[in-house]
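Beneath this line is the structure, given in structure tokens, with notes to follow.
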Amino acid sequence: MDKLICREFTPGRRFMGRLPHGKDIIGVIETFCKENSVRTATFSLIGAVSAATLGAYDQKQLVYVTFREKAALEILSCIGNISLKEGSPFVHAHIVLGDEQGKVIGGHLFSETVIFAGEIEIRELTGPRLERAYDPATGLALWAPGV
Amino acid sequence: MDKLICREFTPGRRFMGRLPHGKDIIGVIETFCKENSVRTATFSLIGAVSAATLGAYDQKQLVYVTFREKAALEILSCIGNISLKEGSPFVHAHIVLGDEQGKVIGGHLFSETVIFAGEIEIRELTGPRLERAYDPATGLALWAPGV
Amino acid sequence: MDKLICREFTPGRRFMGRLPHGKDIIGVIETFCKENSVRTATFSLIGAVSAATLGAYDQKQLVYVTFREKAALEILSCIGNISLKEGSPFVHAHIVLGDEQGKVIGGHLFSETVIFAGEIEIRELTGPRLERAYDPATGLALWAPGV
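These protein sequence lines are chains A, B and C, in that order. First residue of the first sequence: 1, per the working numbering; consecutive thereafter. First residue of the second sequence: 1001, per the working numbering; consecutive thereafter. First residue of the third sequence: 2001, per the working numbering; consecutive thereafter.
What follows is the structure, encoded as structure tokens:
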């Protein structure tokens, strides 16, 4: 595989919503998707958190290294997608956070990351089944090579 | 409220445009929305600024702390939404900026943030009225709990 | 020009795909667009890189200053657009990268920036021809003033 291989989708439902204060970002998005039968989607989110668990992938050891911030931080950007993993809607998202001096940190988004306030746009996609499977080259759960 | 509560929208007009050199980001977007009757939308923007006013929300004092950067910076990401506040189109956006060494700052976007160059995609949404109102739990103007 | 001037587009095809390990981000997106006749689009991308070439525009000298990072970094955000430059699909994108401590850098995305893994959403737009041309005020190749 040396090209960008894409599958084509049709725009589905478009949702705008407010995230609940004090809850986990990933948990609330995955619950929403299960309850509303959203199997494939992309989303964008801005807001603020009161604590965050972030990580980065160690490309040699093939494991995620995580770290936790217990601080009030703005969500400067949180973009991600929803696809299926073991048959259930699964969130993959990366987040950028900033403090009161404008200092920025970021990483792969993990639970528990606690919402202070947040506004999300979810763009559903309908079409082929997009399911994650183990990829030996990276050790990650990626979409199948034919996507 | 302990769930993500969303309202469903239908995609409206899709705009691509170039921001005017030397003007304020929020001002030009809000003026465009008023003149084109855009009540609800999301947007993404990249480009560069010659000065920026950013902030973060103090989650204990319930006030925004702002700071100003008078520097030439790339807009690495600026994502946000447009909804109604006191009946008029209102921009809520967060921005990430970078300098020539790749150093990054970011925050809640305030006026005056001066465009050097910028390219924006505005994705209009049609559907229910999305209006901001005072939220006592956070002190912010958020969309109503039922969204 | 002191206003945001936009052109209106119609949503076209929507693609979700996985970027090839070890290849250049801009190269694979531009090749995909050429092969699939995508002339205008926006995209969002998350993932990781094994090396990156970034830059920022020097607003006085009117040249890009670039720098190179040879490190494993998460793509926290990469948003951009595709339009025509000299008749071919051309990527304009900005990227935010993070390391295992959450430290963040970012800039205008240049080749060679090498994919470790990546997931992209491409949102095609159909409508007027969006072509870049030299802009004397900034020295950049921007969309025509009437956009």
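Glycine included, each C-beta is placed from N, C-alpha and C at the ideal position.
Taking its Cβ as the centre, do 16 or more other Cβ atoms sit within 10 Å of residue 2083 of chain C, making it buried, or is it exposed? buried
I think residue 1004 of chain B touches residue 29 of chain A, with their Cβ atoms under 8 Å apart; what is that distance to the nearest whole Å? 6 Å
What would DSSP say about residue 2027 of chain C, mapped onto helix, strand or coil? helix
Alpha carbon to alpha carbon, how far is residue 67 of chain A from residue 98 of chain A? Give it in angstroms, no decimals. 16 Å
Is there a Cβ of chain C sitting closer than 8 Å to that of residue 1070 of chain B, yes or no? no
Which class does residue 131 of chain A belong to by DSSP, given the choice of helix, strand or coil? strand
Please name the residues in the segment 84-113 of chain A whose beta-carbon is closer than 8 Å to at least one beta-carbon of chain B, in chain order. 96, 98, 99, 100, 101, 102, 103 and 104
Excluding the five sequence neighbours on either side, which residues of its own chain have a C-beta within less than 8 Å of the C-beta of residue 119 of chain A, listed in chain order? 16, 17, 18, 19, 45, 46 and 47
Closer than 8 Å is the cut-off here; do at least three beta carbon pairs connect the segment 94-111 of chain A with the segment 2098-2112 of chain C? yes
Taking the continuous beta strand (DSSP E) assigned at residue 1042 of chain B, which residues delimit it? 1041-1058
Please confirm if the segment 2087-2096 of chain C is in contact with the segment 1124-1137 of chain B, defined as three or more CB-CB distances below 8 Å between the two stretches. no
Just to confirm, is the Cβ distance from residue 1122 of chain B to residue 2078 of chain C under 8 Å? no
Consult DSSP for residue 2003 of chain C and reduce its assignment to one of helix, strand or coil. coil
With a threshold of 8 Å between beta-carbons, can residue 16 of chain A be considered close to chain B, or not? yes
8 Å contact criterion, which residue 1054 of chain B and residue 117 of chain A should meet: CB distance rounded: With a Cβ gap of about 17 Å, residue 1054 of chain B and residue 117 of chain A do not count as contacting.
Which whole-angstrom value is the C-beta distance of residue 126 of chain A and residue 10 of chain A, which I expect to be below 8 Å? 5 Å
For residue 2064 of chain C, I'd like the list of residues in its chain whose CB is within less than 6 Å of its CB, leaving aside the five on either flank, ordered along the chain. 2055 and 2057
Pairwise C-alpha distance: residue 1115 of chain B and residue 2135 of chain C: 15 Å
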